[in-house]
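S.K.: Got a structure for you, written out below as structure tokens; questions coming shortly.
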Amino acid sequence: MMRALLIPALMFALFGCGEKSQSQADARDSGDQQAWQGANDPFVTKGWTAGNRTEWERQVRSRTQNQNEYIRINGS
Amino acid sequence: MARMKFICDAERCIECNACVTACKNENEVPWGVNRRRVVTINDGLVGQEKSISVACMHCSDAPCMAVCPVDCFYRSEEGVVLHDKNICIGCGYCSYACPFGAPQFPSNGTFGLRGKMDKCTFCAGGPEENGSKAEFEKYGRNRLAEGKLPACAEMCSTKALLGGDGDVLADIFRDRVVHRGKGSEVWGWGTAYGKLPDPKAKPAPEKKS
Chain A
1 MMRALLIPAL
11 MFALFGCGEK
21 SQSQADARDS
31 GDQQAWQGAN
41 DPFVTKGWTA
51 GNRTEWERQV
61 RSRTQNQNEY
71 IRINGS
Chain B
1001 MARMKFICDA
1011 ERCIECNACV
1021 TACKNENEVP
1031 WGVNRRRVVT
1041 INDGLVGQEK
1051 SISVACMHCS
1061 DAPCMAVCPV
1071 DCFYRSEEGV
1081 VLHDKNICIG
1091 CGYCSYACPF
1101 GAPQFPSNGT
1111 FGLRGKMDKC
1121 TFCAGGPEEN
1131 GSKAEFEKYG
1141 RNRLAEGKLP
1151 ACAEMCSTKA
1161 LLGGDGDVLA
1171 DIFRDRVVHR
1181 GKGSEVWGWG
1191 TAYGKLPDPK
1201 AKPAPEKKS
């Protein structure tokens, strides 16, 4: 009887000690629009279509790669 | 899926503070709040002075997210740690938890009242509509949704500060290390946690006094 009461009581007491998973897969749905959906302003770059995730990823990847001057300038 | 990261190359940073200025300008960050800053050690010592640009590192296991009592933080699909100012109560727990001092608090209210937390958003805005006026006023520009990268990284003249997909950044850094012919020794387990114990090493004999 005592054990039956103690176990749920302990579980309740330790409930606040947990930590939420922060993995990308568990990213909270905050209602935020995804970046690949594009922005409602006149500064969107050319070369990709808003709403097309693959194109957006390619655009960002190539832009990131542009920071590598060994490729950007030397072409090596 | 890309995971966005920053990295700053201490061999290249010249402490010009262009990243700080770019961030301030692009996001119209209020007076007293610095989402990014340049930290210099051994200032003035020839050959020993090193600078790095620091802001929110968008940690994979973010302590700010773990300690927030109102759960205002969230992570975008690209791994960017963002927060909702409508939920933030300005308690400052995140500021104590963050090892980089990223969370900032405007204190221009009555009696220096601490406002809602502000931090680097990786130029990814916030939970408002992408590119909207409301988003800009609360969080700054959403450059990611414009197909761009953070202004600080793209503005960096020496390309010390890199921002973008972590895998690509790792490739860029590897390229640099190969071209420099040095640097690989300063990365890795030994640097982060101390050298691995040598199994052949024998303990030094104790001195008898």
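Those sequence lines, one after another, are chains A and B. At position 55 of the first sequence (counting the first as 1) the number is 55 in my numbering, and the numbers step up by one without a gap. At position 51 of the second sequence (counting the first as 1) the number is 1051 in my numbering, and the numbers step up by one without a gap. Cβ atoms here follow ideal geometry from the backbone N, Cα and C, with glycine treated the same way.
Let me know the secondary structure DSSP gives N1142(B) once reduced to three states.
M.R.: To locate residue 1142(B), count along the second sequence from 1; it is residue 142. Strand.
S.K.: My understanding is that R61(A) touches D1165(B), with C-beta atoms under 8 Å, so please give their C-beta distance in whole angstroms.
M.R.: Looking up residue 61(A) in the first sequence gives position 61. Looking up residue 1165(B) in the second sequence gives position 165. Confirmed, about 6 Å.
S.K.: Leaving out the 5 sequence neighbours to the left and right, which residues in its chain are closer than 8 Å to S76(A) when beta-carbon positions are compared?
M.R.: Walking along the first sequence from the start, residue 76(A) turns up at place 76. Only weak support exists for where S76(A) lies, its pLDDT of 49 falling under 50; the coordinates are left without a value.
S.K.: Is the beta carbon of S1051(B) less than 9 Å from the beta carbon of I1007(B)?
M.R.: Numbered from 1 along the second sequence, position 51 holds the residue referred to as residue 1051(B). Numbered from 1 along the second sequence, position 7 holds the residue referred to as residue 1007(B). No, Cβ-Cβ distance for S1051(B) and I1007(B) is not below 9 Å.
S.K.: Residues in the same chain with beta-carbon distance under 8 Å from V1080(B), minus the five sequence neighbours each way, listed in chain order, please.
M.R.: Position 80 of the second sequence holds residue 1080(B). Closer than 8 Å at the Cβ level, and outside the excluded window around V1080(B), lie M1004, H1058, T1121, F1122, A1124, L1144.
S.K.: Hey, G1115(B) and P1106(B) are a contact pair by Cβ (cut 8 Å); roughly how many whole angstroms apart?
M.R.: Residue mapping note: residue 1115(B) aligns to position 115 of the second sequence, counting from 1. Residue mapping note: residue 1106(B) aligns to position 106 of the second sequence, counting from 1. Going by Cβ atoms, the distance from G1115(B) to P1106(B) rounds to 4 Å, so yes, they are a contact pair.
S.K.: Nearest by alpha-carbon distance to Y1074(B): which of D32(A), F12(A), P8(A), W48(A) is it?
M.R.: Residue 1074(B) sits at position 74 when you count from the first residue of the second sequence. The shortest C-alpha separation from Y1074(B) is found at D32(A).
S.K.: Listing by chain order, which chain B residues have their CB less than 7 Å from the CB of G38(A)?
M.R.: Translated into the one-based positions of the first sequence, residue 38(A) becomes position 38. Under the 7 Å cutoff, chain B gives N1130, A1145.
S.K.: Could you tell me whether the Cβ of R63(A) comes closer than 9 Å to any Cβ of chain B?
M.R.: If you number the first sequence from 1, residue 63(A) lands on position 63. At least one chain B Cβ lies under 9 Å of R63(A).
S.K.: I want to verify the contact list: residues of chain A whose CB lies under 7 Å from the CB of D1175(B), in sequence order.
M.R.: Taking the first residue of the second sequence as position 1, residue 1175(B) is located at position 175. Those are N68, Y70, listed as they occur along chain A.
S.K.: Could you tell me which uninterrupted alpha helix (DSSP H) segments, each at least 4 residues in length, are contained entirely in the stretch 1060 to 1147 of chain B, listed from first to last along the chain?
M.R.: Counting only runs of 4 or more, we get 1063 to 1067, 1093 to 1097, 1133 to 1139.
S.K.: Are the stretch 41 to 60 of chain A and the stretch 1133 to 1148 of chain B in contact at 8 Å, needing three or more beta carbon pairs?
M.R.: yes
S.K.: Keeping to the same chain, check which residues put their C-beta closer than 6 Å to that of D1118(B); ignore five residues upstream and five downstream.
M.R.: On the second sequence, residue 1118(B) is found 118 positions in, with the first residue counted as 1. If we look at D1118(B) and ignore the five residues flanking it on each side, its Cβ neighbours are V1033, Q1104.
S.K.: Verify whether the separation of the beta carbon atoms of L1169(B) and Q67(A) is less than 9 Å.
M.R.: In the second sequence, counting from the first residue as 1, residue 1169(B) sits at position 169. In the first sequence, counting from the first residue as 1, residue 67(A) sits at position 67. The answer is yes: Cβ separation under 9 Å.
S.K.: State yes or no: is the beta carbon of R1141(B) nearer than 9 Å to at least one beta carbon in chain A?
M.R.: In the second sequence, the residue the question calls residue 1141(B) occupies position 141. Taking Cβ atoms only, chain A reaches closer than 9 Å to R1141(B), which makes this a yes.
S.K.: What does a CB cutoff of less than 6 Å around N1086(B) pick up in its chain, not counting 5 residues either side in sequence?
M.R.: As a first step, residue 1086(B) must be located in the second sequence, where it is residue number 86. If we look at N1086(B) and ignore the five residues flanking it on each side, it has no Cβ neighbours.
S.K.: For P1063(B), which residues in the same chain have their Cβ closer than 6 Å to its Cβ, ignoring the five residues on either side in sequence?
M.R.: Numbered from 1 along the second sequence, position 63 holds the residue referred to as residue 1063(B). Once the five neighbours on either side are set aside, the close Cβ partners of P1063(B) are A1097.
S.K.: Given a threshold of 16 other Cβ atoms within 10 Å of its Cβ, counted over all protein chains shown, does E1135(B) qualify as buried or as exposed?
M.R.: For the purposes of this step, residue 1135(B) is identified with residue 135 of the second sequence, where counting begins at 1. Counting Cβ neighbours within 10 Å, E1135(B) comes out buried, since at least 16 surround it.
S.K.: Considering only the beta carbon of each residue, do V1054(B) and G1131(B) sit closer than 9 Å?
M.R.: For the purposes of this step, residue 1054(B) is taken as residue 54 along the second sequence, with counting starting at 1. For the purposes of this step, residue 1131(B) is taken as residue 131 along the second sequence, with counting starting at 1. Their beta carbons are not under 9 Å apart, which means V1054(B) does not touch G1131(B) by this criterion.
S.K.: State the CB to CB distance for the pair V1070(B) and C1088(B), rounded to an integer number of angstroms; the pair is presumed to be in contact (CB under 8 Å).
M.R.: Walking along the second sequence from the start, residue 1070(B) turns up at place 70. Walking along the second sequence from the start, residue 1088(B) turns up at place 88. Contact flag correct, Cβ pair sits at about 7 Å.
S.K.: For R1037(B), name the three-state secondary structure that DSSP assigns.
M.R.: Against the second sequence, residue 1037(B) aligns to sequence position 37. If DSSP states are grouped into helix, strand and coil, R1037(B) belongs with the strands.
S.K.: Using the beta-carbon count (16 or more within 10 Å), is P1127(B) buried or exposed?
M.R.: For the purposes of this step, residue 1127(B) is taken as the residue at position 127 of the second sequence. Label assigned to P1127(B): buried.
S.K.: What number of angstroms, rounded off, separates the C-alpha of M1(A) from the C-alpha of E1078(B)?
M.R.: If you number the first sequence from 1, residue 1(A) lands on position 1. If you number the second sequence from 1, residue 1078(B) lands on position 78. Those two C-alpha atoms are separated by around 50 Å.
S.K.: Let's test the definition: count the other Cβ atoms within 10 Å of the Cβ of S1076(B) and tell me whether it reaches 16, buried, or not, exposed.
M.R.: Taking the second sequence and counting its residues from 1, one reaches residue 1076(B) at position 76. By the neighbour-count rule (16 or more Cβ atoms within 10 Å), S1076(B) is buried.
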